[in-house]
Amino acid sequence: MNEPKINPGRIGITEAARAFGVSTNTIRRRVKKGHLTAFQRSQPGGRPKYVFDIADLVRVFGEPDASSRRSEMNAVTHDSDMTRNVTPKENTINKASKEDHLDEFWKLQSDYSVLKARFEAQTQHLEDLQRLLTPRLSAPEPMGQRAARYLGDLARAFKGEKT
């Protein structure tokens with residue numbers, strides 16, 4: 029049987045979503061914004077499947093933690109158990125804490141974008157200044173023979189020598 033070869037460094041979108049604890053829509057948004065690169069793997073008789081480099085996913089979403097993946101898997105499979113074990117007050121506190129962390133994350137990300145833009149502008153300004161100053165720091169052009177003779181005559185005239 030001819031099955032397509034699976035590249036061990038690439039995984040599908042649903043596997044990536046499970047492994048990194050994000051939704052498939054989040055991954056699609058990151059692809060659309062250009063943060064992630066999707067590779068197309070054609071399947072015989074089926075529609076193409078998009079796969080992602082694991083290194084690219086780690087760069088965008090961070091290193092997946094094995095224990096957090098297990099806890100997320102348990103949370104999904106034992107969702108009804110979780111609601112019985114967690115009191116509504118704790119659940120509300122966890123949601124508020126998560127929202128605070130998300131707000132802080134987005135604030136830090138916007139601060140990072142501003143600082144990055146400022147850094148790039150300063151770098152460009154320094155390059156422009158360097159380009160403007162470079163010709164002035166170079167050696168003077170050699171003088172022509174006529175100009176050299178004229179300057180020599182002037183120097184001798186000031187010293188009082190005869191030509």
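Residues in the sequence shown are numbered from 29 upward in steps of one, following our numbering. Backbone N, C-alpha and C define an ideal beta-carbon position, used for all residues, glycine too.
Item: On the DSSP bridge assignment, give the partners of F186 in chain order.; Value: Answer by DSSP bridge pairing: none, since F186 is not bridged.
Item: Assuming F13 contacts V59 (C-beta within less than 8 Å), just tell me the rounded distance between them.; Value: With the chain represented from 29 up to 191, any question about residue 13 goes unanswered, as that position is not in the structure.
Item: Helix, strand or coil: how does DSSP classify Q71 here?; Value: coil
Item: Which one or two residues does DSSP pair with I39 in a beta bridge?; Value: F80
Item: Taking only the alpha-carbon atoms, compute the straight-line gap between A83 and G37 and give it to the nearest angstrom.; Value: 8 Å
Item: With distances taken between CB atoms, is the gap from V86 to G40 smaller than 8 Å?; Value: no
Item: Please go through the same chain and pick out, in chain order, the residues whose beta-carbon is closer than 7 Å to the beta-carbon of Q68, but skip the five residues on each side of it.; Value: P76 and Y78
Item: What does the alpha-carbon distance come out to for the pair R98 and S141?; Value: Since pLDDT at R98 reaches only 47, below the 50 mark, its modelled position is unreliable, and no value is offered.
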